[in-house]
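There are 2 protein chains.
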Amino acid sequence: MSLKFVLLTLLDRKPATGYDIVREFDDAIGYFWNASHQQVYRELGSMTDSKLLKFKQIKQDDKPDKKLYSLSITGKKALQAWLENPVKIQKNKNLLLVKLLNTNSKNVALMQEELERNISDSDALRNTYLELERNYYSPQQRRTLPAEQVMIYAALRKGILSIEAHLAWLKEVRDLLQQSFGG
Amino acid sequence: MSLKFVLLTLLDRKPATGYDIVREFDDAIGYFWNASHQQVYRELGSMTDSKLLKFKQIKQDDKPDKKLYSLSITGKKALQAWLENPVKIQKNKNLLLVKLLNTNSKNVALMQEELERNISDSDALRNTYLELERNYYSPQQRRTLPAEQVMIYAALRKGILSIEAHLAWLKEVRDLLQQSFGG
DNA sequence: TATCTCATGTAAGTGGTTACATGATTGC
DNA sequence: GCAATCATGTAACCACTTACATGAGATA
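If you're matching them up, the sequences are chains A and B in order. FYI, the numbering used here numbers position 1 of the first sequence as 1, with every residue one higher than the one before it. Quick note: to get the numbering used here, add 183 to the position in the second sequence (first position is 1).
In structure tokens:
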């Protein structure tokens with residue numbers, strides 16, 4: 001149900017092929033949404049069946065044919081209707097926390113390892129995001145950012161703030177473990 | 184796949200009925216996991232079929248019969264094996280951001296409304312969490328917290344840090360909108 | 001000769017939501 | 001009399017993942 005609106009949003013901004021969209025998931029917007037190519041192609045198919053999308057078959061000499069999708073009138077209306085509806089707050093399920101709930105005096109070491117791994121992974125991701133920000137959204141670049149790009153920057157900021165909060169939490173948990181079970 | 188390990192974790196801590204678990208999702212651990220009663224009962228059934236769980240049928244005079252579930256030996260092994268495997272970093276999909284990507288000069292007002300609604304909802308949730316922390320995890324209470332309760336507190340901290348990061352982001356977005364589209 | 005990019009799909013299985021369904025007891 | 005609590009489930013549908021599958025051209 002959600003992917004449908006993601007695709008409507010992306011295709012409303014710019015017509016694209018399934019392949020293009022998958023690539024966007026892999027890089028540009030991957031830090032707040034992603035979907036496998038299988039899911040994307042299937043969804044594009046079913047949205048076309050239900051008249052939300054149309055496509056042009058484009059022949060290419062050097063590369064395989066492709067289908068360039070865009071919104072139909074029905075699709076535009078569906079998107080507009082969705083925009084006018086409030087979104088619900090989402091709960092994020094946290095498997096790491098489930099794992100940590102199993103902590104006891106016998107397996108603390110295991111949990112501490114897991115925590116350290118998560119801390120360094122998260123830190124690496126944080127650095128990746130911060131580098132993107134430095135490279136593409138310096139204060140100067142931001143001043144001349146076209147309006148339709150602003151929310152792409154907002155997406156990156158969401159990634160940064162989330163990962164930093166996560167990292168801070170991981171470190172708190174490390175301290176809690178230390179205090180309760182010793183190190 | 185995830186719910187399975189949540190149930191193993193909860194039932195390893197303490198045998199319970201489907202009903203008990205649903206109630207836990209509604210209150211105690213609802214800020215980091217939840218599942219509908221339908222899902223819980225179905226999963227308990229299929230985990231019993233695959234020998235991860237066993238149950239005792241308990242007759243009650245005043246109330247309906249109930250099934251008290253607990254881990255089988257196989258279940259304990261499955262949980263242990265899972266604990267020894269690293270968890271993957273999870274991406275959180277963000278529908279609000281998808282919506283905001285649709286911002287243009289014609290619908291800024293709509294988006295600003297949505298943002299304000301999210302800000303006040305998030306702020307309310309934040310206050311709920313902070314009150315829980317004040318009531319159940321004051322510094323004194325925390326000093327005498329039994330080890331098996333520590334991660335329950337960690338769960339609450341995760342809720343607090345996440346909602347605060349989200350709130351900070353919402354306010355950043357409000358400013359970005361203001362700067363790019365005027366208010 | 002092997003891997004990468006472009007480009008599209010099917011099939012099977014698992015995970016999750018929404019709607020429908022029952023029935024006794026307790027409290028207002 | 002009505003709603004809430006206790007207690008369990010089925011059925012249909014939608015969302016998502018993993019594995020399987022093809023095939024041409026470009027690059028190393």
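No residue lacks a Cβ here, since even glycine has one placed at the ideal position from N, Cα and C.
Inset, instruction - Look up A/ALA154 in the DSSP assignment and say whether it is helix, strand or coil. - result: helix
Legend entry - B/ILE241 burial status per 10 Å Cβ neighbour count (16 or more: buried): So B/ILE241 counts as exposed.
Legend entry - Chain-order list of residues whose beta-carbon lies under 8 Å from that of B/LEU315 (same chain, five-residue window excluded): LEU339
Legend entry - Distance, A/LEU167 Cα to B/ASP248 Cα: 45 Å
Inset, instruction - Find the residues of chain A that neighbour B/ARG225, judging by a C-beta separation of less than 9 Å, and give them in chain order. - result: Residues of chain A passing the Cβ test: none, with the nearest at roughly 17 Å.
Legend entry - Rounded Cβ spacing between B/LYS282 and B/GLU296 (contact assumed at less than 8 Å): Going by Cβ atoms, the distance from B/LYS282 to B/GLU296 rounds to 11 Å, so no, they are not a contact pair.
Legend entry - Three-pair Cβ contact test at 8 Å for the segment 330 to 348 of chain B versus the segment 168 to 178 of chain A: A contact is defined here as three or more CB-CB pairs under 8 Å, and the segment 330 to 348 of chain B meets this definition with respect to the segment 168 to 178 of chain A.
Inset, instruction - Check whether the segment 90 to 99 of chain A touches the segment 207 to 216 of chain B, taking contact to mean three or more Cβ pairs, one atom from each stretch, closer than 8 Å. - result: Touching, yes, given that three or more Cβ pairs across the two stretches are closer than 8 Å.
Legend entry - Boundaries (first-last residue) of the alpha helix (DSSP H) holding B/LEU227: First-last of the alpha helix (DSSP H) with B/LEU227: 220 to 232.
Legend entry - chain B contact residues for A/PRO239, given Cβ-Cβ distances below 7 Å: Coverage of chain A is limited to positions 1 through 183, which leaves residue 239 of chain A absent and any answer about it impossible.
Inset, instruction - Pick helix, strand or coil for B/SER253, following the three-state DSSP scheme. - result: strand
Legend entry - 6 Å Cβ shell around A/VAL108 - same chain, five flanking residues per side excluded: PHE181
Inset, instruction - Report buried or exposed for A/SER138, applying the criterion of at least 16 other Cβ atoms within 10 angstroms of its Cβ. - result: exposed
Legend entry - Near-chain A residues of the segment 232 to 251 of chain B (beta-carbon distance less than 9 Å), N- to C-terminal order: none
Legend entry - Cross-chain neighbours of A/THR184 in chain B, by beta carbon under 7 Å: With chain A represented from 1 up to 183, any question about residue 184 of chain A goes unanswered, as that position is not in the structure.
Inset, instruction - Please check if any C-beta of chain B sits within less than 8 Å of the C-beta of A/ARG157. - result: Among the CB atoms of chain B, one or more fall inside 8 Å of the CB of A/ARG157.
Inset, instruction - In angstroms with no decimal places, state the Cα-to-Cα distance between A/LEU97 and A/SER72. - result: 44 Å
Inset, instruction - Give the DSSP-derived three-state secondary structure of B/LEU324 in the structure shown. - result: Reading off the sequence shown, one finds Gln at residue 324 of chain B, where the question assumed Leu. In the three-state reduction of the DSSP assignment, B/GLN324 falls in the helix class, which pools H, G and I.
Inset, instruction - List the DSSP bridge partners of A/PHE55. - result: A/TYR69
Inset, instruction - For the alpha helix (DSSP H) containing B/SER288, list its first residue and its last residue. - result: No alpha helix (DSSP H) holds B/SER288; DSSP gives it neither H nor E.
Inset, instruction - Note down the Cα distance separating A/GLY45 from B/GLN222, rounded to an integer number of angstroms. - result: 29 Å
Inset, instruction - Can you grab the Cα-Cα spacing for the pair A/LEU79 / B/ALA261, in whole Å? - result: 44 Å
Legend entry - Contact under 8 Å by Cβ, B/THR200 with B/LYS246: No, these two residues do not count as a Cβ contact at 8 Å.
Inset, instruction - Using the Cα positions of B/ARG300 and A/ALA81, report the straight-line distance between them to the nearest angstrom. - result: 18 Å
Legend entry - Distance, A/LEU170 Cα to B/ALA348 Cα: 14 Å
Legend entry - Below-8 Å beta-carbon distance, A/ASN94 vs any chain B residue: The beta-carbon of A/ASN94 is placed less than 8 Å from the nearest beta-carbon of chain B.
Inset, instruction - Give the straight-line distance between the Cα atoms of B/ALA330 and B/PRO198, rounded to the nearest whole angstrom. - result: 19 Å
Inset, instruction - Identify whether B/ALA348 lies in helix, strand or coil by the three-state DSSP scheme. - result: helix
Legend entry - Neighbour flag for A/GLU164 against chain B, beta carbons, 8 Å: yes
Legend entry - For A/ASP12, the first and last residue of its enclosing alpha helix (DSSP H): Unbroken alpha helix (DSSP H) run through A/ASP12: 2 to 13.
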